[in-house]
Every structure is written in C-alpha cells, then in structure tokens.
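Data block below; observations after.
Residue numbers (the working numbering): 52 to 572.
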C-alpha cells in the first residue's frame, strides 16, 4: 500500500479493484483511501474520506457504491462512488459504532450492530437510519453445524472468560438466527458430526479448560438435545468422522497431553469401543475420509515438533499404517477431499528459529500411489483457515491468520482463494468482508458457502475480537454478502448442515447466551 495502516477496511468493487479506507498510522487516524488494481498488482490514491476513521465498516451496496460507517468516536457515515471517485456524506447513526458488524440484507438495506446488541438499519433509498430490535449477544470457540433444513445450529462456546451451554438457530430464508435448546454442558473445541439419521452428535471438547468425555445428540425435528454414552476417554481438539456404515470415528486430541487413542461410536447400540491407536500422538492435524472408506490423518504437532508424517486408518481391521510423508511439516492447516479422490492440504503453521510461522505451501495426496506432490502456493501464508469444496467442484480457501508469534503475533486476514484442479494453482477470489480465523465454513443446500464467527486481530496491540457476523459466498457471482449475524460471537465452534436445510452452530459463547443456534435458508 502507499500508506502503512491498520484497523482499516478493504472492499472488493464490481470492477475487480479493491478499495482501502482509513485506519491508524502513528501518530493519528487516516482519512486517506487507496485503490488496488489486480491487473497491475499496484495501489493508487483514491479521493480521501470526509472524516478520518479507524475500526469502521465498509459495505458494498447493490448500486456499486460503498457505505462507510462509524469508526472510533464518530457517528458519521459516507458513500464512495467508484464511477466518479468521490465521497458524499449520508445519514448519521444515533450513536458511535466501532469494531462493529455491518450486514447487507437482501432488501439492499444495511444492518449495523455491535457486541452490546444495539442495532440500526440504513436505507440507501432515503439515506437514513432507523433503530431496530437489539441482538442478544456474542461468543467464540463454539460449534456450528449446517442442518439439512438449511438452518444453522450454533451451540456452546466461549466468550470473555466464561463457557456457555446455550444454543441458537440461524434461518437463511428469514436471514436470522434463532436460539434452540441449550446443550446439557457448555463446551469448546468439540466435534459435531451428522449421523445417518440426520441427528448431530456433539462429542467431547473442553469446559473451563478441562477436557470432557460427555456426548450429546441434537434432533433437528424436535430441536432438542439428549445425553448419550460418554466416550471412553475425555478429549478436546480431536477429529470425528462418520464412516460409510454409520459408526463415528473419533481420533486423538488433548487430555493433559496429546493422545494417540481413537474410538468408535455405534449409534445402534449407543456404545463406544476403543479402536487402533495412532502411531504418533498429534494435535492440530487434519483427518479426511477417502472414497475407499479409509481415513487419512495429516501433519499436526507435539510441542514444537511439527510433523510431516501421515497415517491411514483401515476400518476393516481397525488399524493405522504409515503412508507417504508430506514434503513440509505443518499443523493447523486445512485439508479437503477433491472430486477426483485426491486430498488437498494447504497452509498451516510451522516452527523455526524459535518462532511459529505460517506457510503458503500446498500439497496433494494420491491414494493410488500413497505419495504427496507439491502444488501451487497460496498468495498469503496462513494457518487456521477453512477449505471447502463447493458444489461446482472448486475448492475455496477462506480467511485465516498470518504472521509470527513474536513480536506482534499473527493477524487475521480476509483473503480468499480458489484452487484449480486442472492447473494446481490458486487464484484470488472476492475477499471476505470481515477478516477472521478460528471461523467455521459450510456449504449450504443452495450451493452458497457460509462463513461465520471466528476471531479478528487487526494489528499489534489491538485486542482480539470474537465475531458473531456471518457471510455468504455465491459461486455464480463470485461475491460475498453479509447475512444476519449469530446471536452470539463464537470461535473454534462447529457449523453443521442439517437435513432440514438449516445450519446448526454449536459452542463457545458467553455464559447465559445461546450455546447453539440455527440458521434457516
């Protein structure tokens, strides 16, 4: 950029360019704006805003104009017109908003709200604001699941310094989240797995920092939770996958240390049975189901050792065996099964020179040869991202964090990239409206990709903000639109599609706030 800045905004314009506005640069707040042109890979100055601002929001309107709202200490709002490169003031909010959420509704209006729950609605036709009902709260580290109904269930989680057991539902059709029955126990870093019946199994996690063995199941029809038999071992940060014949495989995780153990849940008998253990204890790994029914576990770490090793689980024998090593040791990466049966691994963290770094490298696993081969690099090194294969067959890498552990720590990013199966390369896609990591993403029945929650850290000395906001990616237009935010901010939660086409978000919110919620399309 022309000017160093943080707490600024970046907005993708219909032309393909990106508008950068405001932010902080010592010793003050900026009113300058810049335009990024992907054709030249360069920045040029744009007309400055009328008001200097940071921690504001910038929303692309259907008209192609950009609405900039608030920022630290100001109620003002203004509109940028890319066609004329000019700014014009518009109606002011009733109170100052900063570090807030701005959601573009299907009506073309913009909903602005913050963690206090205060909300206002902007009407572009009149340039005025109106007060709307307050939102109930925020959370992080929860679990979110997309239901078959199209709703999203958000359950449990963490925000501030407390765990919650509450639940809520988001309805995409209504573009709202609705609270659903609370979990029996508040939890974070758990798993949520859809069973063959359409119910959602939530297993383990941590409660006030202590790993738990308890298991609950959510019935989308009755919208209730029931307790099930506990796992044989308490664990958090583990992986869980449904096997082709209906059993659920739970792998690894943390107790007091990283564990190698794995176990199987049988829904028909409500029982857990130990199965073969991993050869290497690891956390921060990925687990992917192959078309053969085998499961590949990739990378991970133990302490400051980051693994290149990978292992295959054979459900027929209940045993693990080594398969080809990664070319680059990594943890907290993303992995996805490609339409051709290969596995794509990208990003992640590694340890070098006494620091934790992020990597942009990608690799592809071929099950027929058991070997990994390097693939195209992401444009930005990052960990704690999501990777989903859209209904079009295109993998999309979303968000994450970038930077070293010292001196400033890693910052959240809103970068999004699409992977080409034909060329093995990444190309930039429309960016998220809100930078985030520890978020969750799920493909909806409509084919859209929902990305929700997570945490944002936009600069050195800036506190981490737990997000309740949600966005939808439309593969047909290649654009993101903000949709209604969750009732609670949450990160490290689960997001599960339900057979009702709803989406279930579970876990990690403030005490007294919903730990599970549903989104309905």
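Don't be surprised by glycine CBs; every beta carbon is placed ideally from N, CA and C.
In this text the structure is predicted, and so the values were computed from the model without any measurement.
According to DSSP, which residues form a beta bridge with residue 571? Its beta-bridge partners do not exist; DSSP assigns none.
Please report the Cβ distance between residue 485 and residue 529, rounded to the nearest whole angstrom; I am assuming they are in contact, meaning their Cβ atoms lie under 8 Å. Actually they do not touch by this definition, with Cβ atoms about 18 Å apart.
Pull the bridge partners of residue 525 from the DSSP assignment, please. 530
Can you find the residues in the same chain that come closer than 6 Å, C-beta to C-beta, to residue 111, ignoring five residues on each side of it along the sequence? 62 and 117
Counted within 10 angstroms of its Cβ, other Cβ atoms place residue 122 as buried (16 or more) or exposed: buried
Any idea which residues DSSP pairs residue 446 with across the strands? 440
Under the rule that 16 or more other beta-carbon atoms within 10 Å means buried, what is residue 290, buried or exposed? buried
On the three-state DSSP scale, how would you describe residue 259? coil
Report, in whole angstroms, the separation of the C-beta atoms of residue 67 and residue 105, which I expect to be a contact under 8 Å. Not a contact, Cβ separation roughly 26 Å.
Checking 8 Å against the spacing of the C-beta atoms, do residue 408 and residue 397 come in under that value? no
Closer than 7 Å by C-beta to residue 342: which residues in its own chain qualify, once you throw out the five before and the five after it? Chain order, please. 392
Straight-line CA distance for residue 221 to residue 504? Residue confidence is low: residue 221 scores 44 on pLDDT, short of 50, so the model does not pin down where it sits. Its coordinate-derived value is still stated next. Roughly 13 Å separates the two Cα atoms.
Close-in-space but distant-in-sequence residues of the same chain around residue 387 (CB under 6 Å, 5 per side omitted): 395, 438, 440 and 446
If you count every other CB in all the chains shown that lies within 10 Å of the CB of residue 259, and 16 or more means buried, which is it? exposed
Residue 223, DSSP secondary structure in three states: Any reading at residue 223 needs caution, since the residue's pLDDT is 42, under 50, leaving its predicted position unreliable; the model's value is listed next. Three-state DSSP puts residue 223 in coil, outside helix and strand.
For residue 550, the residue or residues it bridges with in DSSP: None, per the DSSP bridge assignment.
Neighbourhood of residue 421 by C-beta, 6 Å cutoff - its chain only, sequence neighbours within 5 removed: 374 and 375
Can you check which of these residues, 327, 552, 468 and 78, is closest to residue 368 by C-alpha distance? 327
Between which two residues does the beta strand (DSSP E) carrying residue 69 extend? 69–72
Would you check if the segment 350–369 and the segment 334–341 touch, i.e. whether three or more CB-CB distances between them fall below 8 Å? yes
DSSP-derived helix/strand/coil call for residue 323: strand
Taking the beta strand (DSSP E) that residue 88 belongs to, which residues open and close that run? 84–88
Within-8 Å CB hit, residue 132 to chain B: Of the protein chains in the structure, only one exists, and it is not chain B.
With a CB to CB cut of under 6 Å and the five nearest residues on each side skipped, what residues in its chain are close to residue 523? 499, 501, 532 and 534
Please give the ranges of any beta strand (DSSP E) in the segment 325–396, keeping only runs that are unbroken, at least 3 residues long and fully inside the region. 337–340, 346–349, 361–365, 370–374 and 385–388
Under the assumption that residue 433 contacts residue 464 (Cβ atoms under 8 Å), give the Cβ distance between them as a whole number of angstroms. 6 Å
Taking 6 Å as the limit between beta carbons, can you name the residues of its chain near residue 174, skipping five residues before and five after? 160
Classify residue 113 as buried or exposed, calling it buried when 16 or more other Cβ atoms lie within 10 Å of its own Cβ. exposed
Given this structure, state the Cα-to-Cα distance separating residue 555 from residue 238, to the nearest angstrom. 15 Å
Applying the criterion that 16 or more other CB atoms from any shown protein chain within 10 Å of the CB defines a buried residue, is residue 590 buried or exposed? With the chain running from 52 to 572 in the structure shown, residue 590 is simply not present.
Could you tell me which of 176, 155 and 125 sits nearest to residue 148, measuring between CA atoms? 125
So, helix, strand or coil for residue 148, using DSSP? coil
Is the CB-CB distance between residue 318 and residue 344 below 8 Å? no
Tell me, to the nearest whole angstrom, how far the beta carbon of residue 346 is from that of residue 300; I am working on the premise that it is less than 8 Å. 6 Å
Got a sec? Which residues, its chain only, sit under 7 Å from residue 223 by beta carbon, not counting five neighbours each side? The predicted model places residue 223 with a pLDDT of 42, which falls under 50 and marks its position as unreliable; any figure quoted below should be read in that light. Around residue 223: 201, 495, 534, 570, 571 and 572.
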